[in-house]
Amino acid sequence: MKKFFQEFKEFALKGNVLDLAVAVIIGGAFQNIINSVVKDLIMPVINWIFGGIDFSNRYIVLADKSKVVTEAVPEVLSGTDVIAEAVPAVTVGDLTTLADLEANGIGVFKYGSFITAVINFVLMALVIFLLVKGINKLGSIRKKEEVVEEPAPTTKECPFCKSEIAIEATRCPHCTSQLDN
2 MKKFFQEFKE FALKGNVLDL AVAVIIGGAF QNIINSVVKD LIMPVINWIF GGIDFSNRYI
62 VLADKSKVVT EAVPEVLSGT DVIAEAVPAV TVGDLTTLAD LEANGIGVFK YGSFITAVIN
122 FVLMALVIFL LVKGINKLGS IRKKEEVVEE PAPTTKECPF CKSEIAIEAT RCPHCTSQLD
182 N
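Positions in the sequence shown are counted from 1; adding 1 to them yields this note's numbering.
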């Protein structure tokens, strides 16, 4: 059991696991920023371009508009006094908001929410792409600064037999040809 906990400790404290945990936390916070950018900045512009359409409230009702949601209640009388007012029947066509439809269990195809989610995804992917591209650019700049000179060669090729020989050699040990230095 002690070995198990030791292995788990080594796994959990590896740099990659901690980096991943930090990335997930930052990503969650970053998602809120992207949602705000889409909801508060981009969607109003898109709504303005399309003539004031609010995509988040766009839907198609998946029920017959004449379907009765609640039955009519007749007026209740006690002698000449009205105890309860009459309540007319409510149909699907009478419900005008998405919240009312959902509260009454009416099926709704919410394509506006889907459009908003797609815009969120595209923006998130774009921002992550730009971040990764920027980080990679910084990494390549750093690598250029860290250019290490390669050591001087210690061997050369014999011009006669094409064998690899010491750079200071005056005669090839393979073909015994005299070399010019």
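The beta-carbon is built from N, C-alpha and C at its ideal position, and this holds for glycine as well.
For residue i, the three-state DSSP class (helix, strand or coil)
i: residue 64; result: coil
i: residue 177; result: coil
i: residue 51; result: coil
i: residue 118; result: helix
i: residue 4; result: helix
i: residue 153; result: coil
i: residue 134; result: helix
i: residue 21; result: helix
i: residue 124; result: helix
i: residue 14; result: coil
Residue closest to residue i, alpha-carbon to alpha-carbon, out of the options
i: residue 41; options: 180, 120, 12, 177; result: 120
i: residue 101; options: 150, 60, 173; result: 60
i: residue 127; options: 24, 39, 17, 23; result: 39
i: residue 36; options: 118, 164, 12, 162; result: 118
i: residue 47; options: 113, 133, 165; result: 113
i: residue 192; options: 20, 23, 43, 98; result: Missing from the structure shown is residue 192; the chain here goes from 2 to 182 and no further.
i: residue 129; options: 178, 166, 159, 32; result: 32
i: residue 57; options: 178, 99, 23; result: 99
i: residue 109; options: 21, 53, 64; result: 64
Residues bridged to residue i [DSSP beta-bridge criterion]
i: residue 165; result: 158
i: residue 171; result: Note: residue 171 sits in no beta bridge, so no partner.
i: residue 109; result: 62
Cβ-based neighbour list, residue i, same chain, cut-off 7 Å, excluding 5 preceding and 5 following
i: residue 168; result: 154, 155, 156, 157
i: residue 152; result: none
i: residue 18; result: 12
Neighbourhood of residue i by C-beta, 6 Å cutoff - its chain only, sequence neighbours within 5 removed
i: residue 171; result: 180
i: residue 96; result: 102
Same chain, Cβ closer than 8 Å to residue i, five either side skipped, listed in chain order
i: residue 175; result: 159, 162, 164, 166
Does the contact criterion of 3 or more C-beta pairs under 8 Å hold for the stretch 110-124 versus the stretch 133-146?
no
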